[in-house]
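Chains A and B are the protein sequences, given in the same order. Using my numbering, you'd call the opening residue of the first sequence number 48 and step up by one each time. Using my numbering, you'd call the opening residue of the second sequence number 38 and step up by one each time. Ideal placement from N, C-alpha and C gives every residue a C-beta, glycine not left out. Just so you know, these numbers come straight off a predicted model, no measurement behind them. These notes are about the structure you will find just below.
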Amino acid sequence: MSNREIVVENLGKEYPGGVTAVSDVSFQVNSGQIFGFLGPNGAGKSTTIKILTTLALPSRGKARVGGFDVVDEAERVRRIAGVALQEIGIDPLMKSTELLTMQGQLFGAKRKDALARAHELLELVRLEDAADRRVGTYSGGMRRRLDLALALVHKPEILFLDEPTTGLDPASRRDVWEEVRRLNRELGMTIFLTTQYLEEADELAEVVAIIDQGKIATEGSPSKLKASVGTESINLAFESRATAETAVSHLSDMADNIQTDRDMVRLYMSEAAQTIPAVVNRLQQANLNPISLTLTQPTLDDVFLQVTGQRLQTEAAKPQAA
Amino acid sequence: MTTPNLSAQSTFSGTAVRNNQASLPLQIALVTWRNLVTIFRTPTALVPPLVISIFFLVIYESTLGKAAGFIPNLSGNSYLGFILPLSIVSSSLSGSGIAAQNLVRDIESGYFDKLLLTPVSRTALLLGPILAGALILGVQASVVIGVAMLLGLQSATGFAGLAVVVGLAILLGTGFAGFTVSAALGSGSAAATQGASFLFFPLTFLTASFVPLDLLDGWLQTAAKLNPITYVLEAMRGLLNTGWDSTALTQGVAACLILGVAMYALAVYALRVRTRRS
C-alpha cells in the first residue's frame, strides 16, 4: 500500500574507488509535503535522489518511497514516483508529443489515452504551441518544462526534482515554482526537490534539510531554521533621540537585547513577528508613535553559514541564458 | 491561459496506470519505431554507408568483372552476382553503427535513464535499436540491389530470391547491430562505438571476398570456414547466381542466427553491467 511518504534511514553510498558520496543520511518526508534538500555541489544531493529513484543502489541503510523499498521493490517505486533529473533526459530529435505519448504507452496506457494525456500535459506546461517541433529547437526553460511533463505522465504520487531550476532565467524559474506549488496543492503530490538555491528552498519547501559533505547538517521548516539562528529583530525609528530613549525604557523587558543608534531602536528576540502587536500596544499605552517599524529576519544563508561554517555560493541572483 | 484540471483522472486512470503494462511486442515496436524516427531524422548518418557500398560495388565490378572469366569455379552466371553480396555485407557493417550511435546519444542525453525508470522491459530496450538498425540495413541492401540491377544483375531465383537476400541482410544486421549496441552500452561513447564497429571489418576479408572459397590460400580458407559471414555470402551468391539451394540457405540462416544470438547475449551482458546500479 503506497502512502506518499519517503522514509530514509542511515543511508550511505560509496562509489567504486572509495569515494563517499553520502555518508549517513536519515530523514522523513510526510505525505503531501514539499521537502527541500539544500546543499552545495558535491554534497550528495544527486546521489541521494538517484538512490531514492532506483537508479543507484545504496551501500548501506534503508529507504522507502511510498512504502516501497527502493532496493527490493524498485519496480513498484518506479510506478508511483515521477523523476526529473538534473541532466534533462530528452532526445533532441523527437517532438514533445511523440515523447510524451510513448512514455504514456510504456506505462501501459492505450495510444489514444496516452495521446490525450500528452496534450493535457503540454497544456499544463504551456508547450502546446511547440508540441510538433523537435525538442532540439527548445530553449532551456522549455526543455525543463517538458522534462517536468514527462515526469508527470503516469500521474505519480511522489515527484523527485533534481535541481529543477538550475540554469534557468528568473522568469522560467518562477514558472517552475508555480508549477511545483500547483501540483502539490491540487494533487497532494509529495515533492522532493534538491536545490543549491537558498531562495528556492525558502520559497517552496515546508521542510528543508541542509546536506553538507554527505551528512544532514540540520533540518526543519525554513522559518524555524532561521529562528534557530536567533537574530530576528524589530526595528523602530522615532522622531528624535529622546523619544527613542523613552521608548527603550518602556520596552526593555520585551527583548533579549536592545541596541540604540540615535533615533533608531533595535529589539533582538526570537519570534519577533509574533511580538510586534505587543510592542505596538506598549508604545501606544506610552503614547509613543514610531515613524517606521520593520522586521529583520535571518536568511537561510545565515542558517547555512552557522551549520556548515561556509556560505553557499548562490548563483540565484545571476540571470543565465535560457 | 486556462488551467487544465489536473485532478481529473478521466483520460488516464491512476489505478490503471499502476497495474497496466504494455505487452512485450508493443514495447519492442514502440522502442524500435522511436529509433527509426530518429534515424530518419539524421539522414546524414544514413547516406555515407550506402554511397560507400555502391562505390565498392561499381569498383569491384569494373576491376574484376572482365577477369571473372579467368576465375575457375565461379558458380553461375556473373561476377556481379558474386560480388554484390560482399557489398551488401560491408554496407551492413558500416550501417550497423547507426543504431548504436542513437543509443550513445540517449545515454549522453540521459534519455536512456528516463526509459530505465519506466516499466519498459530490458528486452525491448535492447531489441529496439537492434531491430531498427537491422531494418535500416534491409533498406540499404534493397538500394544496393537496385543499383546492381541497373548494372545488369540478373537474379537466378528472380524477385523472390532477391527478397530472401534482403531478408538475410536484415538477419545478419541484427548480429552486427547487437555488437555495436553492446559497444555503445559498454563505452557510452560515440568514438569508442565507432572504433568497435571497425573490429568487425576484417571479417569481410577473412572470407571468400573476391574469389570462391576453394581458391583461397590454406590458412585463409580455414579462417573463412570458421567465419559465419562466409556462409551468408555463399547463400546470397547461390540465390543470385545458381538457384535455390536449401543446404546453402540453411547454413546462411544458421550463421546469421548464431551470430545474432551470440551478439544479443553480449548486449544483454553489457546492459546488465551498465544498469548494475552500483
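Next on the checklist: Would A:G59 and A:S106 be called neighbours here (beta carbons separated by less than 8 Å)?
Outcome noted: Position 12 of the first sequence, counting from 1, holds the residue named residue 59 of chain A. Position 59 of the first sequence, counting from 1, holds the residue named residue 106 of chain A. Yes.
Next on the checklist: Taking 8 Å as the threshold (beta carbon to beta carbon), is B:V157 in contact with chain A?
Outcome noted: Mapped onto the second sequence, residue 157 of chain B falls at position 120. B:V157 counts as touching chain A.
Next on the checklist: Mapping the DSSP letters down to three states, classify B:G195 as helix, strand or coil.
Outcome noted: The count along the second sequence starts at 1 and reaches residue 195 of chain B at position 158. Three-state DSSP puts B:G195 in a helix.
Next on the checklist: With a threshold of 7 Å on Cβ separation, who are the neighbours of B:S133 within its own chain once the five nearest residues in sequence on each side are excluded?
Outcome noted: In the second sequence, counting from the first residue as 1, residue 133 of chain B sits at position 96. Excluding sequence neighbours, B:S133 sits near G170, L174, G210, F213, A214, T217, S234.
Checklist entry - Just how far apart, CA to CA, sit B:Y148 and A:V254? => result The residue you call residue 148 of chain B lines up with position 111 of the second sequence. The residue you call residue 254 of chain A lines up with position 207 of the first sequence. Approximately 30 Å between the Cα atoms of the pair.
Item to check | Span separating the alpha-carbon of B:T79 from that of A:M141 | outcome: As a position in the second sequence, residue 79 of chain B is number 42, starting the count at 1. As a position in the first sequence, residue 141 of chain A is number 94, starting the count at 1. The straight-line gap from Cα to Cα measures roughly 11 Å.
Checklist entry - Between B:R274 and the rest of its own chain, which residues show a CB-CB distance below 6 Å, the 5 nearest in sequence each way excluded? => result Indexing the second sequence from 1 puts residue 274 of chain B at position 237. Taking B:R274 as the centre and dropping the five residues before and after it, the same chain places the C-beta of F119, P122 closer than 6 Å to its C-beta, in chain order.
Item to check | Cross-chain neighbours of B:R78 in chain A, by beta carbon under 7 Å | outcome: Here residue 78 of chain B corresponds to residue number 41 of the second sequence, with the count starting at 1. Under the 7 Å cutoff, chain A gives L140.
Next on the checklist: Report the start-end ranges of each alpha helix (DSSP H) in the stretch 146-218 of chain A that is 4 residues or longer and not cut off at the edges.
Outcome noted: 158-171, 187-199
Next on the checklist: Cutting at 7 Å between CB atoms, please list the residues of its own chain near A:V276, excluding the five before and the five after it.
Outcome noted: The residue given as residue 276 of chain A occupies position 229 in the first sequence. Answer for A:V276: P345, D349, V350, Q353, listed in chain order.
Item to check | Three or more C-beta pairs below 8 Å linking the stretch 206-213 of chain A and the stretch 235-253 of chain A | outcome: yes
Item to check | Cβ contact check for the stretch 271-287 of chain A and the stretch 329-346 of chain A: 3 or more pairs under 8 Å | outcome: The stretch 271-287 of chain A is in contact with the stretch 329-346 of chain A.
Item to check | Assigned exposure category for A:E292 - 16 Cβ within 10 Å defines buried | outcome: As a working note, residue 292 of chain A is residue 245 in the first sequence. Answer is exposed; the Cβ neighbour count stays below 16.
Checklist entry - Is it right to say A:N57 is buried, meaning 16 or more other beta carbons lie within 10 angstroms of its own, or is it exposed? => result Against the first sequence, residue 57 of chain A aligns to sequence position 10. So A:N57 counts as exposed.
Next on the checklist: Against chain B, with Cβ distances strictly below 8 Å, would A:T100 count as a contact?
Outcome noted: As a working mapping, residue 100 of chain A is identified with position 53 in the first sequence. It does; some Cβ of chain B falls within 8 Å.
Checklist entry - Going by beta carbon distance, what residues of the same chain come within less than 6 Å of B:Y97, once the five residues before and after it are set aside? => result Position 60 of the second sequence, counted from the start, is the residue given in the question as residue 97 of chain B. Only I120 meet the Cβ criterion.
Checklist entry - Skipping 5 residues on each side, what residues in its chain have a beta carbon closer than 7 Å to that of B:F238? => result Taking the first residue of the second sequence as position 1, residue 238 of chain B is located at position 201. Once the five neighbours on either side are set aside, the close Cβ partners of B:F238 are L130.
Checklist entry - Got a sec: which bits of the stretch 126-147 of chain B sit with their beta carbon under 8 Å from any beta carbon on chain A, in order along the chain? => result Listed by position, the residues of the stretch 126-147 of chain B near chain A (Cβ gap below 8 Å) are R142, D143, S146, G147.
Next on the checklist: Run through the DSSP bridge pairs and tell me what B:I262 is partnered with.
Outcome noted: Position 225 of the second sequence, counted from the start, is the residue given in the question as residue 262 of chain B. Per the sequence shown, the amino acid found at residue 262 of chain B is Lys instead of Ile. Bridge partners of B:K262: none, in fact.
Checklist entry - In chain A, what lies closer than 9 Å to B:Q177 by C-beta? => result Start at 1 with the first residue of the second sequence, and residue 177 of chain B comes out as number 140. What B:Q177 touches in chain A: nothing, since even the nearest Cβ is about 20 Å away.
Next on the checklist: So with CB distances below 9 Å, who are the chain A contacts of B:A59?
Outcome noted: Within the second sequence, numbered from 1, the residue matching residue 59 of chain B stands at position 22. Those are Q152, L153, F154, G155, A156, listed as they occur along chain A.
Checklist entry - Mind pulling the chain A residues with CB within less than 7 Å of B:L67? => result In the second sequence, counting from the first residue as 1, residue 67 of chain B sits at position 30. Those within 7 Å of B:L67 in chain A are M149, Q152, L153.
Checklist entry - Anyone know if the C-beta pair for B:G280 and B:L205 falls short of 8 Å? => result What you label residue 280 of chain B is simply residue 243 of the second sequence in a count that begins at 1. What you label residue 205 of chain B is simply residue 168 of the second sequence in a count that begins at 1. Cβ atoms of B:G280 and B:L205: not closer than 8 Å.
Checklist entry - Any Cβ of chain B within less than 8 Å of the Cβ of A:E122? => result Here residue 122 of chain A is taken as the residue at index 75 of the first sequence, counted from 1. So, interface residue.
Checklist entry - Comparing the C-beta of A:G108 with each C-beta of chain B, is any distance below 8 Å? => result What you label residue 108 of chain A is simply residue 61 of the first sequence in a count that begins at 1. It does not: the Cβ of A:G108 has no partner Cβ on chain B nearer than 8 Å.
Item to check | B:N139 in three-state terms, based on DSSP | outcome: For the purposes of this step, residue 139 of chain B is taken as the residue at position 102 of the second sequence. DSSP places B:N139 in helix when its eight states are reduced to three.
Checklist entry - Less than 8 Å separating the beta-carbons of A:L193 and A:V227? => result Taking the first sequence and counting its residues from 1, one reaches residue 193 of chain A at position 146. Taking the first sequence and counting its residues from 1, one reaches residue 227 of chain A at position 180. No.
Checklist entry - Per DSSP, what kind of secondary structure is A:V312 in: helix, strand or coil? => result Numbered from 1 along the first sequence, position 265 holds the residue referred to as residue 312 of chain A. Of the three classes helix, strand and coil, the one that applies to A:V312 here is strand, per DSSP.
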